[in-house]
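Just so you know, the numbering used here puts the end of the sequence shown at 293, numbered straight through with nothing missing.
The structure under discussion appears below in the form of structure tokens.
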Amino acid sequence: MKKFRLSALALLLGTLATAACPSLACAGEFLAPGEPIGNQLNDKRWQRVSGQAVHFFPTAILHSSRETEAGKTERSTDTIELTGDLNGRIVYHVTSVFDYAAGTLVNTGHQVFSGTVSGGEPVLLLDDNFIFTVDLNNGDTLGKVFLTRTLTGARTQCRLTVTGTGFDVQGNGLADYSGYCRHYGRE
């Protein structure tokens, strides 16, 4: 029951944020994981992190594509390599909703990070709350990542903002990330 309430709350907040701010320009105001909030500001375990990401679009596996009134919905599995303070790979199971009339693409779903955070021991971290918005007219990409559920390894949480920076010659998406991570508790 608790999980349902949290999911319903996340869905409601996402819907309210989208209704109040349908453009990419102010999405960060509602969804920014950036700095820890509330009592977490006093928690010295939160450390700033930053780095780069490469999204391997050419090797993505497209599972389904369905036309909608506004565009299409696709489901795929992609991989992303992170370097910097987070060093490892993400397996990204994504639902992509294209709205051609609004000129937007919104990605949500599940992703698992496998790697190290700030030079620590390897961890597996789950994120089932991420959201990426893309302006289809100019390519601007903004993502919010919440790697907050430890699957294995030291208990670790990371909250990141991701900004697209372009593409390499192979067609891979390039991005910068920054945010905060913490290690806490027992394994």
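We put the beta carbon where it would ideally sit given N, CA and C, even for glycine.
Predicted, not measured: the structure shown is a model, and the values here were computed from it.
Query	Result
Neighbourhood of threonine 214 by C-beta, 6 Å cutoff - its chain only, sequence neighbours within 5 removed	Thr201, Ile237
Coil, strand or helix - phenylalanine 252 by DSSP	strand
As assigned by DSSP and simplified to three states, the class of alanine 116	Caution is warranted here: a pLDDT of 41 is assigned to alanine 116, below 50, making its placement in the model unreliable, and the coordinate value is therefore given only provisionally. Three-state result, alanine 116: helix.
Environment of tyrosine 198 [buried if 16+ CB atoms lie within 10 Å]	buried
C-beta contact flag for leucine 253 and leucine 280 at 9 Å	no
Rounded distance between the beta-carbons of glycine 177 and proline 228, thought under 8 Å	Wrong, their Cβ atoms sit about 39 Å apart, outside the cutoff.
Close beta carbons around proline 128, own chain, < 6 Å, minus the five adjacent residues each side	Since pLDDT at proline 128 reaches only 45, below the 50 mark, its modelled position is unreliable, and no value is offered.
Arginine 288, buried or exposed, once every other Cβ within 10 Å from all chains shown has been counted against 16	buried
Stretch-stretch touch, CB-based, cutoff 8 Å, three pairs: the region 149-168 with the region 179-199	yes
DSSP-derived helix/strand/coil call for phenylalanine 236	coil
Those residues which DSSP pairs with asparagine 213 across a bridge	Ser202, Phe238
Proximity below 9 Å, CB of phenylalanine 204 to CB of threonine 222	no
C-alpha distance - tyrosine 290 paired with valine 268, whole-angstrom precision	24 Å
Minimum C-alpha distance to glycine 249 - residue among Tyr283, His216, Thr174, His169	Tyr283
Supposed contact pair glycine 270 and glycine 245 - C-beta distance, whole angstroms, cut 8 Å	7 Å
CB-CB length for serine 220 against glycine 194, believed under 8 Å	5 Å
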